[in-house]
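Structure, as structure tokens:
2 protein chains.
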Amino acid sequence: MSRILVVDDEKDIVELVSLHLQREGHEVVSVGNGLAVLPMAVKTAPDLIVLDIMLPGIDGVQVHRRLRADTRTRHIPVIMLTARAQTNDRIAGLESGADDYLTKPFSPRELMLRIGAVLRRSQKVVMLAEQRIGEFLLDRKNMSLSINGKLIELTITELKLITTLMANPDVIHSRSELLSAVWGYADDTHSRTLDTHIKRLRDKLGDHGRHIGTLRRQGYLFQSTVQELADSDA
Amino acid sequence: MSRILVVDDEKDIVELVSLHLQREGHEVVSVGNGLAVLPMAVKTAPDLIVLDIMLPGIDGVQVHRRLRADTRTRHIPVIMLTARAQTNDRIAGLESGADDYLTKPFSPRELMLRIGAVLRRSQKVVMLAEQRIGEFLLDRKNMSLSINGKLIELTITELKLITTLMANPDVIHSRSELLSAVWGYADDTHSRTLDTHIKRLRDKLGDHGRHIGTLRRQGYLFQSTVQELADSDA
DNA sequence: GCTACACGTGACAAATTCGTCACCATTCGC
DNA sequence: GCGAATGGTGACGAATTTGTCACGTGTAGC
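Just so you know, the sequences run in chain order A and B. Under this note's numbering, the residues of the first sequence are numbered -12 to 221, in order. Under this note's numbering, the residues of the second sequence are numbered -12 to 221, in order.
Shown next as structure tokens:
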């Protein structure tokens, strides 16, 4: 599942938290000294760090600063464990930097919920840099479309349109869905805007414009494969 | 590393191939019956399938057809194992569909090389759909940039420019690199095109335009963090 | 077969984008 | 400090993009 780095010098806290995390299928790494956090974080690349404030070596606030300052660890979400004795402005300082915080003593269940929430928020959504469908190559990194290796010059509107269609090939995209994705509004009563852009796009695709199909009263779709022109018995 | 589905009813072949694959760090799943391939492929989502022609149940050619016809498995590369007794036109038919083929008896080393080559060819390049840097959110899926949740309206040229810069934050991008990535040429002798677009982009970013730094005689860079305006001792 | 509705089409004009360029500002090396 | 090189700036005009709209074509339901 995910790898969690637990930082606390109280062994019973570490064991309790580890137990709960492992029960949920996470992998746990732990350290008990502030100075050891950054090297361990760099080495193990955890998905989240649970970081206690009171630490031997250097304290949790300092550790947090170092994690944020290092390009290798700055992206790792951090949940800080604070003691009730912390002053309010100190807690405010923590809140502004950490992804979440929890006051000791805490219920392990509460911590698990917090960890789950922070992990979900931080999950990276990825997509294919290049998507090939038949003779089409959509290069999302360079924001370009090629057909059989030949670059098709598209306006940004046309590019957004084909990108939206090719994101889910062979699936119908309603008019309102396309308008929303490309134009930011969903109602096109009495307007031919979408139709005009579809035509322009099809024109630029030449013969391959047939890959953009119309489903009357439903919307448009990008077809991975199209029927060959029938010469006989058409 | 990668997950490989090995399909062969000869147990010694399966064991031999599995041994070599596991030695290279791959995970191996195997089935010995043609009818079991598709369900297993759907279930385990392998990165590559090694598929023997001679199978009980349905033969390898049929299996291959089914894999290609199913949207859940059509993208999985297939290496087919053929027997020397196969006729030439049958082999030609296989070649046109499989990603690679190998004739029994084969050396395991040869198969490993083929597997490596096919895997390398099929690796999907992915990138973050959304990239957050400080207050900037680059949404590659929708081709948009937001700062603190506020959409910044950019032209396609400006978008390509900021995308290129943010792809490697805090790294210098030379003028020729930017020209090549955005304009498709690298020489800007006697032209202020790039500079003009950088200025336009900075203007649209307002205060946050400071994130785009100039390094004289080297190029430009996107800075994840910038110095706060110093009110004292500036 | 007829009609109403949905989509395709060509044309237009306003808006926007783009590259260029003259000039200014800044930086660096001598 | 000076001069040359480099980057910033505002303005211009050509080219392109965009949305709209009248009209035509195609389709589905009665």
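We put the CB at the ideal spot given by N, CA and C, even for glycine.
Asked: Is the Cβ of A/MET153 closer than 9 Å to any Cβ of chain B?; Found: no
Asked: Please decide whether B/ILE143 counts as near chain A, where near means a Cβ-Cβ distance under 9 Å.; Found: yes
Asked: Using a cut-off of 9 Å between C-beta atoms, extract the partners of B/MET114 located in chain A.; Found: VAL113, MET114, LEU115, ALA116, ARG127 and LYS128
Asked: For A/TYR207, is the classification buried or exposed, using 16 other Cβ atoms within 10 angstroms of its Cβ as the cut-off for buried?; Found: buried
Asked: List the residues of chain B whose Cβ lies closer than 7 Å to the Cβ of A/LYS147, in chain order.; Found: MET130
Asked: Among residues of its own chain, excluding the 5 on either side of A/MET130, which ones have a beta-carbon nearer than 7 Å to its beta-carbon?; Found: LEU146
Asked: Below 9 Å between beta carbons: does that hold for B/LEU42 and B/ASP(-5)?; Found: yes
Asked: B/LEU106 and B/PRO156: beta carbons closer than 9 Å?; Found: no
Asked: Using a C-beta cutoff of 9 Å, does B/ALA168 count as contacting chain A?; Found: yes
Asked: Helix, strand or coil for A/GLY121 per DSSP?; Found: coil
Asked: Short check: CB of B/SER161 to CB of B/ASP174, under 9 Å?; Found: no
Asked: Taking the alpha helix (DSSP H) that B/HIS27 belongs to, which residues open and close that run?; Found: One detail in the question is off: residue 27 of chain B reads as Met in this sequence, not His. B/MET27 -> alpha helix (DSSP H) spans 24 to 31.
Asked: Consider the Cβ of B/ASP157: report whether some Cβ of chain A lies at a distance smaller than 9 Å.; Found: yes
Asked: Alpha carbon to alpha carbon, how far is A/ILE139 from A/HIS7?; Found: 54 Å
Asked: Less than 8 Å separating the Cβ of A/THR183 from some heavy atom of the ligand ADP?; Found: Although the ligand ADP was asked about, the structure shown includes no ligands whatsoever.
Asked: Look up B/ALA173 in the DSSP assignment and say whether it is helix, strand or coil.; Found: coil
Asked: Taking three-plus beta-carbon pairs below 8 Å as touching, is the segment 184 to 197 of chain B in contact with the segment 119 to 135 of chain B?; Found: yes
Asked: If you run the structure through DSSP and keep just helix, strand and coil, what is B/HIS160?; Found: strand
Asked: Taking Cβ positions only, does B/THR150 come closer than 9 Å to chain A?; Found: yes
Asked: When the cut-off is 9 Å and only beta carbons count, does A/THR31 lie next to chain B?; Found: no
Asked: Output needed for B/LEU166: all residues of its chain with C-beta closer than 7 Å, excluding positions within five of it in sequence on either side, in chain order.; Found: TYR172, ALA173, ASP175 and LEU181
Asked: Nearest-angstrom Cα distance between A/VAL16 and B/ALA70?; Found: 50 Å
Asked: So, does the CB of A/THR60 fall closer than 9 Å to a CB anywhere in chain B?; Found: no
Asked: By how many angstroms is the C-alpha of A/ASN135 removed from the C-alpha of A/ARG59?; Found: 40 Å
Asked: In whole angstroms, give me the CA-to-CA distance for A/ARG(-10) and B/THR90.; Found: 44 Å
Asked: Could you spell out the range, first to last residue, of the beta strand (DSSP E) harbouring A/LYS14?; Found: Residue identity differs from the one stated: residue 14 of chain A is Glu in this sequence, not Lys. Residues 14 to 18.
Asked: Between which two residues does the alpha helix (DSSP H) harbouring B/VAL48 extend?; Found: 47 to 56
Asked: Check whether the Cβ atoms of B/LEU3 and B/ASP39 lie closer than 9 Å to each other.; Found: no
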